[in-house]
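To start, the structure itself, in structure tokens.
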Amino acid sequence: MDDDARPQTLRHGRAALAVSFFAQGALFALLVTRIPAIQDRYGISDGLLPVFLAAVPILAGLGSVATEQLVKRVRPSVVLRWVQPLVALVLLGLGAGDSMWVAAVTLALFGVCVGGLDASMNMLGVSLQRAYGRSIMLGFHAAYSLGGIIGALLAWSGAHWHISLVSLYGPVVLVLIPLTLVASRWYRDAADPVEAGGQKETQQVVMRLLMPLCLVMAFAYIGDSTVSNWSAKYLQDTLHSSEQLSTVPYAVYMVTTLLGRSVGDFGVRRFGAVAVVRLGTVVAMAGFAVVAVAPGPWVGMLGFTLLGFGLCVIVPQTFAAAGRLFPGASDTAIARLNVFNYVGFLVGSPLVGALGDAWSYRGAMLVPMLLVGATLHYARSFAAEPAGYGVGHERPSTVDVG
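Here this note's numbering is used: the first residue of the sequence shown is 1256, the next is one more, and so on.
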């Protein structure tokens, strides 16, 4: 079915949710890329900084767990509508403060709110994909990648022109809060039981069945955090690049993530989720291998480019697979799965750092390669019934497609 043939509410809901993903990508990038400036503003020591940074994903996991309970009482669209502006205001508060307690409180609030935001966004994405009857989840995450690129560019300009944090964050918040509030008018929750084929949120989520997808999610974010936290240091210290060149791999990684997600839904519709996830896993493993054996910085950047194309498909398809696995309790499954996003983020950077210090950073790159490679073992967890969507694989629109 063409988009033009679908109900207007579906098309508007899809566009509105893409706006939300874009805004979240921009806000998160504006935080993580300006960590050094935040550290300087608040006088956070190098020893204390890891504590602050570790608290964010831990509290985000708690926020995701809380959202699982909250959406039993209110719709995910309501959670998303109000928590997203709150994330933006908390970021602005972080940029405006100057006392250590302000940093602690705002980062804690940011973590809790981001957990609710990520969970509710992906709940709506999964239910909207189900209503569409074909893969659209990668497109939402492409919007997130685009927001991340825009946020990183704004952060670079702020650093380059020595713009204060509050002057950088203020205009962004003034734009994104009204934008997301207006878009929230068209958020679309899961269809009613009749429209959804009689399915209700009464199914129990069995963690034993969900755990393979939880492990895949954690492994994917271990890979992602390896790139975001170690690519610059690896290129400069191990591959002996210039300081300027060392900043390029993460930007390239973000661009290839955007490109891969922009076309990924077409691959899922044509070949099925299992084939796309397997291909992405193999490409990501090749990327880590190239990085580990690279003789110089340009070959290393090729490896990080492959990582972007490979890793980008795994996370969106893991959320979609959880929706297919538990069609009668997809919100609960998404909230629990989302916790492992933060587990991977929390584990990845310290793991690579510890291995690099104790062994070598080249050898350390092989560990996330093997962990991401475990996705091949769990690839059948991504199967639809029958396999795939789209040409040659399309399923009736009344059947859940996650």
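Cβ atoms here follow ideal geometry from the backbone N, Cα and C, with glycine treated the same way.
Taking the Cα of LEU1409 as reference, the smallest distance to any Cα among ARG1533, LEU1606, LEU1286, GLY1565 is reached at LEU1286.
Spanning the alpha carbons of THR1361 and LEU1346 requires a straight line of approximately 7 Å. Counting the other CB atoms within 10 Å of its CB gives THR1536 a total of 16 or more, which places it among the buried residues.
A check of alpha carbon separations from ALA1577 across LEU1468, ALA1549, VAL1531, ALA1398 identifies LEU1468 as the nearest. Separation of LEU1580 and TYR1387 (C-alpha to C-alpha, rounded to the nearest whole angstrom) is 17 Å. According to the DSSP assignment, MET1472 belongs to the alpha helix (DSSP H) that extends over 1462–1488. Unbroken alpha helix (DSSP H) runs of no fewer than 4 residues, entirely contained in the segment 1382–1452, are found at 1392–1415, 1420–1438, following chain order. Assignment of ARG1524 by DSSP, reduced to helix, strand and coil, places it in the helix class. Residues of the same chain with a CB within less than 7 Å of the CB of MET1472, apart from the 5 flanking positions on each side, are VAL1570, THR1573, LEU1592, PHE1595, ASN1596, GLY1599 in chain order. The beta carbon of TYR1616 sits closer than 6 Å to the beta carbons of TYR1489, THR1493 from its chain, once the five residues preceding and following it are set aside; these are given in chain order. Straight across, the Cα-Cα distance linking PHE1526 with VAL1568 is about 13 Å. Relative to SER1400, the option among MET1556, PRO1582, THR1511, VAL1437 whose CA is nearest is THR1511. In this structure, the beta-carbon distance from GLY1394 to MET1509 does not fall below 9 Å.
Put simply, of PRO1623, ARG1533, LEU1562, ALA1528 the residue whose alpha carbon is nearest the alpha carbon of ALA1638 is ALA1528. Restricting attention to MET1620, ALA1438, SER1585, the CA atom closest to the CA of ARG1385 is found in SER1585. In the DSSP annotation of this structure, the continuous segment of the alpha helix (DSSP H) that includes GLN1339 starts and ends at 1331–1351. Of all alpha-carbon atoms in VAL1460, ILE1293, MET1378, PHE1474, the one lying nearest the alpha-carbon of VAL1607 is that of PHE1474. Here DSSP, grouped into helix, strand and coil, assigns THR1560 to helix.
Between the beta-carbon of TYR1442 and that of LEU1379 there is about 6 Å, and that keeps the pair under the 8 Å contact cut.
At least 9 Å separates the beta-carbon of VAL1320 from that of ALA1588. Taking a 10 Å sphere around the C-beta of VAL1369, we find 16 or more other C-beta atoms and assign the residue as buried. Cα atoms of GLN1324 and GLY1302: separation of roughly 35 Å, rounded to the nearest angstrom.
For SER1636, the closest of VAL1538, VAL1482, MET1540, LEU1470 by C-alpha to C-alpha distance is LEU1470. Assigned with DSSP and collapsed to three states, ARG1289 falls in coil, not helix or strand. With a contact defined as Cβ atoms closer than 8 Å, GLN1491 and SER1501 qualify at about 4 Å.
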